[in-house]
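*Asks:* Residue numbers (UniProt numbering): 1 to 439.
Each residue gets a CB set at the ideal place from its N, CA and C atoms; glycine is no exception.
I'd like to ask you about the structure that follows.
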Ligand code: HEM
């Protein structure tokens, strides 16, 4: 291990090796272990062209996440950003510029966070709204399973990522946002395009934000029992733009991170043959430790020269906390003092952890109830993962299934089955039908 770097070493003056490489995509644990071996608790790395301190140690990661006096999120605290050294085309620039709640500090953050917490609260816990949501998640899960397995005589192949883990949270998000069905499908398609980050993504982001602004205006006129209306009730004076950005964050996180955790949990269960035995909540916990969907968290910036893991981070330098590295660190125990960081920690910790875990748990439970037999169609180490600087998820999860091996309960008894989806009218269901056709 190298000796501590000089006081307040300026990141820009240090040799930093690129983080996101083929090797990182192929074998992230080995790359992180090598960085820890060479640098200790924090390592200077090059994040797609920007020098960043990567926080590898669990104790130091928790310190950064919980100490908002020293570690800020607004990019105005980033020296390179202020000095114009972060080019407009830096791949993560649009994230940093996004003006979402995750980049607010102090009072501004507390106010936005209070509105978001209030808007999400009815869906978490034991209340009637949370109960209705659980029924809806169950009904959507059953609808997707019936759809993906239709026409195969009860046996066949499916992609449990594209045909199940990804659309399920999207459908839930649609309901949370109170989107009318027809528009809901368009929104789902745009979120899908944004998550794919292909050439259609920039237009999709633009359309999505426009649609969310219209939704906020509509809910100002006609409030309903949904997240936008509750955001407005809590913060009626906040601008339509601000509410639309909160909704965008909620929509994209619900879809991306929740889908990633559901798919990864199914892989863990199938790879270890424990789908039938594992308690979904324990399975989720283990998966969140081994494969946190957000393997790296968005940047934080030192408010002043601040000691961190043997170095002194200069005021204005960025740090990136890596839950993936922190979970592999000897200081991580999983206890209350050293919890896993898959949902963050401190003032910016995920406000929707119970909701996300409920979606994933029901998603696992319905797969277990409906499929008589389910096997991975590829060895676990050949499954295609999509690695981005912040989020990691499966690209696809090919399985062979057999619905007929056990008297599988059809749609859960307590839940009204949903009508067959309107494939011809709906771009979303047409897409799912294409995936079914491709097996
Ligand atoms: C398995 C699914 C999810 C995972 C793994 C996850 C993870 C995270 C993490 C790690 C953070 C903290 C980021 C940081 O400190 O830089 C976060 C923040 C956030 N998450 Fe989640 N999340 C999930 C689902 C959701 C859902 C379903 C929603 C909304 C319904 C949501 C809304 C948010 C919001 C609004 C923030 C920003 C909080 C703030 O800055 O105060 N997340 N999430």
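Count the other CB atoms, across all protein chains shown, that sit within 10 Å of the CB of residue 326; report buried if there are 16 or more and exposed otherwise.
*Replies:* Label assigned to residue 326: buried.
*Asks:* So what's residue 6 in DSSP terms, helix, strand or just coil?
*Replies:* Confidence is the limiting factor: at residue 6 the pLDDT is only 49, short of 50, which leaves the residue's position unreliable and the question unanswerable from this model.
*Asks:* Under 9 Å, Cβ to Cβ, is there at least one residue of chain C near residue 232?
*Replies:* Chain labels in this structure do not include chain C; a single protein chain is all it has.
*Asks:* With three or more beta-carbon pairs closer than 8 Å as the criterion, would you say the stretch 139-154 touches the stretch 360-376?
*Replies:* These segments touch.
*Asks:* Would DSSP call residue 363 helix, strand or coil?
*Replies:* Residue 363: helix per DSSP, three-state reduction.
*Asks:* Does residue 241 pass the burial test, meaning 16 or more other C-beta atoms within 10 Å, or should it be called exposed?
*Replies:* It counts as exposed.
*Asks:* Pair every Cβ in the stretch 210-228 with every Cβ in the stretch 85-98, then say whether three or more of these pairs are closer than 8 Å.
*Replies:* The answer is no - the stretch 85-98 does not touch the stretch 210-228, with fewer than three Cβ pairs under 8 Å.
*Asks:* Looking only at its chain, what residues have a beta carbon closer than 7 Å to the beta carbon of residue 362, apart from the 5 residues adjacent to it on each side?
*Replies:* Once the five neighbours on either side are set aside, the close Cβ partners of residue 362 are 134, 137, 138 and 141.
*Asks:* Pick out the complete alpha helix (DSSP H) segments inside the stretch 11-98, 4 residues or longer, and give them in chain order.
*Replies:* As far as the stretch 11-98 is concerned, its whole alpha helix (DSSP H) runs of at least 4 residues are 22-26, 28-39, 58-66, 79-82 and 93-96.
*Asks:* Does DSSP put residue 434 in a helix, a strand or coil?
*Replies:* Three-state DSSP puts residue 434 in a helix.
*Asks:* Is it the case that the Cβ atoms of residue 148 and residue 164 are separated by a distance below 9 Å?
*Replies:* The answer is yes: Cβ separation under 9 Å.
*Asks:* Could you tell me whether any non-hydrogen atom of the ligand HEM is closer than 8 Å to the CB of residue 171?
*Replies:* No - the ligand HEM has no heavy atom lying nearer than 8 Å to the Cβ of residue 171.
*Asks:* Note the first and the last residue of the continuous alpha helix (DSSP H) segment covering residue 451.
*Replies:* The structure shown does not extend to residue 451, since the chain spans only 1 to 439, so no value can be given for it.
*Asks:* Excluding the 5 residues flanking residue 121 on each side, which residues of the same chain have their C-beta closer than 6 Å to its C-beta?
*Replies:* So the list is empty, once near-sequence residues are dropped.
*Asks:* Can the beta-carbon of residue 245 be found less than 9 Å from the beta-carbon of residue 209?
*Replies:* Yes, the pair counts as a contact, with Cβ atoms nearer than the cut-off.
*Asks:* Is it buried or exposed for residue 32, if we count other Cβ within 10 angstroms and need 16 for buried?
*Replies:* Classification of residue 32: buried, given that the 10 Å Cβ count is 16 or more.
*Asks:* Can you tell me whether residue 190 is buried or exposed? The criterion is at least 16 other CB atoms within 10 Å of its CB, across all chains shown.
*Replies:* Buried, by the Cβ-count rule.
*Asks:* Keeping to the same chain, check which residues put their C-beta closer than 8 Å to that of residue 319; ignore five residues upstream and five downstream.
*Replies:* Cβ within range, chain order: 42, 52, 53, 54, 55, 64, 71, 299, 300, 301, 302, 308 and 313.
*Asks:* Using only the alpha-carbon positions, how far apart do residue 456 and residue 403 sit?
*Replies:* Nothing about residue 456 can be reported from this structure: the residues present for the chain run from 1 to 439 only.
*Asks:* Flag this pair as yes or no: are the beta carbons of residue 233 and residue 394 separated by less than 9 Å?
*Replies:* No.
*Asks:* Just confirm the distance between the C-beta atoms of residue 324 and residue 288, as a whole number of angstroms; I'd bet it's less than 8 Å.
*Replies:* 11 Å between Cβ atoms; not a contact.
*Asks:* Checking 9 Å against the spacing of the C-beta atoms, do residue 62 and residue 338 come in under that value?
*Replies:* Against a cut-off of 9 Å, the Cβ pair of residue 338 and residue 62 comes out as a contact.
*Asks:* Can you list, in chain order, the residues of its chain with a C-beta nearer than 7 Å to that of residue 332? Leave out the 5 residues immediately preceding and following it.
*Replies:* Correct list, in chain order: 58, 326 and 338.
*Asks:* With residue 441 as the anchor, note down where its alpha helix (DSSP H) starts and where it stops.
*Replies:* The chain is shown only over 1 to 439; residue 441 falls outside these bounds and no answer can be derived.
*Asks:* DSSP three-state label for residue 147, please.
*Replies:* Looking at residue 147 - three-state DSSP - the assignment turns out to be helix.
*Asks:* Measuring only the C-alpha atoms, how far is residue 206 from residue 435?
*Replies:* Residue 206 and residue 435: Cα-Cα distance of roughly 26 Å.
*Asks:* Pick out the complete beta strand (DSSP E) segments inside the stretch 311-384, 3 residues or longer, and give them in chain order.
*Replies:* Counting only runs of 3 or more, we get 311-313, 318-321 and 373-376.
*Asks:* How many whole angstroms separate the CB atoms of residue 113 and residue 293, which I take to be in contact at a CB cut-off of 8 Å?
*Replies:* At roughly 21 Å, the Cβ-Cβ gap does not stay under 8 Å, so residue 113 and residue 293 are not in contact.
*Asks:* Excluding the 5 residues flanking residue 371 on each side, which residues of the same chain have their C-beta closer than 8 Å to its C-beta?
*Replies:* Excluding positions up to five away in sequence, the list reads 145, 401, 402, 403 and 408.
*Asks:* Nearest to residue 88 by alpha carbon, out of 249, 69, 50 and 420?
*Replies:* Selected option, being the one with the closest Cα: 50.
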